[in-house]
Amino acid sequence: MSAFTVPDGLTDLLQNFAVHAIKEQPEDLLKFAAKFFSKRLEERDGTTTTTNAMTTSSIRKKVDVRENRNELYDVSEEYERICESEEENIDGGRVPNLKSRRKSVAAEHYDPETDKDDSLIVHPKSAVQCKRLKSTLQNCFYFRHVDGEQMKLLIDAMFEKKIEHPNEVVINQGDDGDYMYVVEEGKFEAFVLKNSNGKDGKKEYVKTEPPKVYENGGFFGELALMYNTARAACILSKTPGRLWAMDRQTFRKIIIRSTHKKLKQFEDLLKSVPIFNELTHYERNNVAYALQSIEYPDGHVIMRQGDKADAMYFVERGSVCCLVQEKGEEKEVNKIMPGGYFGGKKT
Ligand SMILES: Nc1ncnc2c1ncn2[C@@H]1O[C@@H]2COP(=O)(O)O[C@H]2[C@H]1O
Numbered sequence: 009m010s011a012f013t014v015p016d017g018l019t020d021l022l023q024n025f026a027v028h029a030i031k032e033q034p035e036d037l038l039k040f041a042a043k044f045f046s047k048r049l050e051e052r053d054g055t056t057t058t059t060n061a062m063t064t065s066s067i068r069k070k071v072d073v074r075e076n077r078n079e080l081y082d083v084s085e086e087y088e089r090i091c092e093s094e095e096e097n098i099d100g101g102r103v104p105n106l107k108s109r110r111k112s113v114a115a116e117h118y119d120p121e122t123d124k125d126d127s128l129i130v131h132p133k134s135a136v137q138c139k140r141l142k143s144t145l146q147n148c149f150y151f152r153h154v155d156g157e158q159m160k161l162l163i164d165a166m167f168e169k170k171i172e173h174p175n176e177v178v179i180n181q182g183d184d185g186d187y188m189y190v191v192e193e194g195k196f197e198a199f200v201l202k203n204s205n206g207k208d209g210k211k212e213y214v215k216t217e218p219p220k221v222y223e224n225g226g227f228f229g230e231l232a233l234m235y236n237t238a239r240a241a242c243i244l245s246k247t248p249g250r251l252w253a254m255d256r257q258t259f260r261k262i263i264i265r266s267t268h269k270k271l272k273q274f275e276d277l278l279k280s281v282p283i284f285n286e287l288t289h290y291e292r293n294n295v296a297y298a299l300q301s302i303e304y305p306d307g308h309v310i311m312r313q314g315d316k317a318d319a320m321y322f323v324e325r326g327s328v329c330c331l332v333q334e335k336g337e338e339k340e341v342n343k344i345m346p347g348g349y350f351g352g353k354k355t
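Next comes the structure, spelled out in structure tokens:
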């Protein structure tokens, strides 16, 4: 009998491929496989086969890898390389060159446990501004974990930023994270760099996939502050508008303290669920924000057979029994353990 050695990573690679193929049900499996594996290769090597442009996913990949080692990856080399032209082309429109906004990526590590300094910035506001800001924050699910006292500190620390024109670049991909923004009014859209050397040597940006539009609500610019990385996308105004900005220090002291632990817990849970394995950092983060922790007592009926599906559930602790009514009797058909999920299409 001959002994075989399974190459490192083979199981994960094939599992990922199988999950994708099952999910997407391609007509031509071979073509789908070719595309899938080429994309993995591009992501690993940080190159594309058609251009030399550094894609955000490859930048993000590198950032992620370093993050796992608790180091900070400075993307400045790539950024300088992709920043050579004087003007930039976003979705066909001309926007000012933002190279001057680029600073070095701040590498300081923030540990909420050891930070005893509670001093925060205060930007004075009128009662009307406070009221507007409070209602904007309350409508934003990102701030769900913030308690009343912290909400007051947030309101003090944030300041209003008026956007006068469409096509203003609020965030430039590759920059350091200085502020996170909450949208009170106006329309904003996210773009990512497609080609650093497009038509006439100008940089070309495309809408994110899926497109991300913020209209009279929502937030952006949290990733670079949360993960200490360079900006992962550009945010451009589509109309004049009004934003509320939160500086990096306030974000760290309030948001990281109150939500980071919870988010990490959720993120780890999501990582163990195969259908979410392939999500990017950003996508996984968004799912994590949308999750809510609910404790059920033993024997509690979470949903009944025939109920309308209104949510998907992930088991964090304990186990969940699936029962089916058969000839007037309930029969256990499945037991879902931590890492398992139900309430989606199949359990
Ligand atoms: N597909 C996307 N990938 C990364 N960031 C995105 C995407 N769509 C929207 N964004 C937002 O764009 C912001 C750019 O700055 P940050 O990286 O700090 O945080 C990012 C997110 O809030």
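Residue numbers (this note's numbering): 9 to 355.
Glycine included, each C-beta is placed from N, C-alpha and C at the ideal position.
Secondary-structure assignment with DSSP links residue 245 through a beta bridge to 196. In this structure residue 30 is exposed. Its beta-carbon is surrounded by fewer than 16 other beta-carbon atoms within 10 angstroms. If only uninterrupted beta strand (DSSP E) runs of at least 3 residues are considered, those enclosed by the stretch 150-178 are 167-171. Contact annotation: the stretch 292-304 does not touch the stretch 173-183, with fewer than three C-beta pairs closer than 8 Å.
Under the three-state reduction of DSSP, residue 254 is assigned to strand.
Assignment of beta-bridge partners to residue 329 by DSSP yields 343.
Beta-bridge pairing by DSSP links residue 191 to 251. The distance from the Cβ of residue 244 to that of residue 196 is about 7 Å, consistent with a contact at the 8 Å cut-off. In this structure, the beta-carbon distance from residue 278 to residue 189 does not fall below 8 Å. Of the residues assessed, residue 345 falls on the exposed side of the cut-off, its CB having fewer than 16 other CB atoms within 10 angstroms. DSSP, reduced to helix, strand and coil, places residue 203 within a strand of the structure shown.
Under the three-state reduction of DSSP, residue 295 is assigned to helix. The beta carbon of residue 330 is closer than 8 Å to those of 340, 341, 342, 343, 344, 350, 355 in its chain, skipping five residues each way along the sequence. CA-to-CA, the gap between residue 152 and residue 137 works out to about 21 Å. Around the beta carbon of residue 258, a 10 Å sphere encloses 16 or more other beta carbons of the protein chains shown; the residue is thus reported as buried. Sorting 198, 26, 316 by C-alpha distance to the C-alpha of residue 241 places 198 at the top. Residue range 221-223 is occupied by the beta strand (DSSP E) that includes residue 221.
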